[in-house]
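Numbering (this note's numbering), first residue to last: 52 to 486.
Note that beta-carbon positions come from the ideal geometry of N, C-alpha and C, so glycine has one too.
Input: a single structure, listed below in structure tokens.
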Ligand code: NI
């Protein structure tokens with residue numbers, strides 16, 4: 052024990068010496084002042100108390116735009132409905148990088164007992180609902196506002212351009228509306244600003260406050276919705292041969308589509324899931340109905356597998372129905388792509404993450420079957436997206452109320468780490484590009 056500790060000590064000393072010539076690796080992380088940290092906390096509490104649903108982030112957008120204007124940034128508003136973009140042009144030449152925060156809250160009635168608890172109500176799918184920042188996007192915005200303030204103060208030393216993206220509707224636009232990252236891109240966000248890299252952070256309950264989870268390559272799943280309408284011919288339950296039974300056909304479709312993942316795609320590339328969530332059909336025990344309606348979700352971590360699953364779902368459902376004399380119509384509603392961290396960018400920026408959070412607080416994250424529309428940005432340019440823990444020390448992150456829970460609670464100490472991470476990503480990316 053003792054011997055190995057000495058050996059380890061010698062080893063780390065020699066490593067330190069040999070790496071002392073690499074530029075950014077040996078530098079200290081930029082930190083924010085106690086005063087700025089307090090401001091970030093105040094912004095977060097204000098945003099938390101005034102949550103707004105997807106594509107309805109009107110007040111939120113005003114608060115952000117006012118702050119960015121006060122900092123003297125070039126500010127664009129009304130992108131993808133309520134999105135706000137601030138551009139900071141550093142005094143020195145260098146690359147353009149983008150830092151992203153999402154803005155929307157959820158139709159959840161808050162049940163925490165924080166003093167700045169939300170009592171907001173809004174309308175969602177024709178119903179009055181409570182609204183809560185139950186996914187922590189309030190923290191993301193406050194951290195990015197803080198980063199904008201810190202980086203603006205450093206303008207004379209900033210190499211290149213920093214684009215601050217405040218993105219609406221990450222949770223999905225309501226009804227038939229478009230929204231989120233995809234719509235911002237459609238409206239020309241990256242054509243106009245052309246960042247070399249894009250960075251994002253998501254706070255989450257599964258990590259202890261201040262800890263960072265990162266992963267090279269795929270991190271979060273793609274999320275796609277599908278529906279299958281199975282058409283038969285109605286008849287009496289006592290005489291099934293008099294019609295075509297869509298219930299039996301639907302049952303076989305449910306079973307056979309499970310072979311897509313288990314038999315038909317190469318799961319050594321990445322795992323995948325095909326799940327049914329809605330099975331609807333029939334009105335009475337002795338009537339075989341005309342039609343059965345199925346709905347479900349597909350999650351996976353590989354874009355090629357994703358395309359194959361779409362195709363095989365269609366073939367398997369149609370052919371299975373055909374074998375029973377029924378017909379199946381498959382509709383796939385593409386959602387968010389796989390969130391993929393660019394491997395080179397992740398490796399390049401990992402020392403920055405470790406400097407900001409501390410070596411012992413940075414972990415490789417497991418795959419997450421949830422989805423993120425940051426994925427659209429990361430399909431366009433190299434992206435890096437990490438998780439920032441917010442569960443207080445001493446509390447088990449495994450059992451802490453999860454994101455989207457009415458009891459979702461964030462330890463505000465995470466705000467300093469997140470703000471500094473945004474700041475240092477921007478600063479270090481430019482420095483490393485200049486090497
Ligand atoms: Ni979220």
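Given a cut-off of 8 Å, decide if residue j and residue i are closer than it, judged by their beta-carbon atoms.
i           : j           : result
residue 151 : residue 209 : no
residue 161 : residue 457 : yes
residue 329 : residue 345 : yes
residue 174 : residue 133 : no
residue 424 : residue 232 : yes
residue 256 : residue 454 : yes
residue 303 : residue 340 : no
residue 397 : residue 435 : yes
residue 402 : residue 427 : no
residue 193 : residue 94  : yes
residue 334 : residue 281 : no
residue 462 : residue 260 : yes
residue 182 : residue 465 : no
residue 251 : residue 481 : no
residue 83  : residue 177 : no
residue 154 : residue 219 : yes
residue 336 : residue 289 : no
residue 384 : residue 276 : yes
residue 136 : residue 213 : no
residue 110 : residue 167 : no
residue 87  : residue 200 : yes
residue 478 : residue 81  : yes
residue 179 : residue 105 : no
residue 240 : residue 130 : yes
residue 313 : residue 382 : no
residue 264 : residue 432 : no
Need the endpoints of the alpha helix (DSSP H) that residue i sits in, please.
i           : result
residue 197 : 188–204
residue 469 : 465–485
residue 85  : 85–100
residue 511 : Summary: the structure shown does not reach residue 511, with the chain confined to residues 52 through 486, and so no result is reported for it.
Within the continuous beta strand (DSSP E) that includes residue i, where are the two ends?
i           : result
residue 392 : 390–392
residue 125 : 125–130
residue 218 : 210–218
residue 439 : 434–442
residue 323 : 323–332
Take the Cβ of residue i as the centre, count every other Cβ of all protein chains shown within 10 Å, and call the residue buried at 16 or more, exposed below.
i           : result
residue 380 : exposed
residue 467 : buried
residue 292 : exposed
residue 172 : exposed
residue 470 : buried
residue 274 : buried
residue 283 : buried
residue 370 : exposed
residue 67  : For residue 67, the predicted structure reports a pLDDT of 39, less than 50, and the residue's modelled location is therefore unreliable. A value from the coordinates is still provided. Residue 67 should be labelled exposed.
residue 406 : buried
residue 363 : buried
residue 243 : exposed
residue 356 : buried
residue 207 : exposed
residue 115 : buried
residue 102 : buried
residue 366 : exposed
residue 537 : In this structure the chain extends from 52 to 486, so residue 537 is not present and cannot be described.
residue 169 : buried
Open item on the list: As an exercise, report each continuous alpha helix (DSSP H) stretch of at least 4 residues that is fully enclosed by the segment 228–315, in chain order.
Closed with: 231–237, 240–244 and 297–310
Open item on the list: Three or more C-beta pairs under 8 Å: does that hold for the segment 280–298 against the segment 373–386?
Closed with: yes
Open item on the list: With a threshold of 8 Å, are at least 3 pairs of Cβ atoms found where one atom belongs to the segment 402–411 and the other to the segment 305–320?
Closed with: no
- [ ] Inspect the CB distances between the segment 259–272 and the segment 337–352 and report whether three or more fall short of 8 Å.
- [x] yes
Task: Segments of 3+ residues assigned as beta strand (DSSP E) that fall wholly inside the segment 348–428 - done: 378–387, 390–392 and 413–415
Open item on the list: Which complete beta strand (DSSP E) runs does the segment 139–179 hold, if anything under 3 residues is left out?
Closed with: 143–153 and 172–175
TODO: Tell me, please, whether the segment 116–129 touches the segment 182–193 by the rule of three or more beta-carbon pairs shorter than 8 Å.
DONE: no
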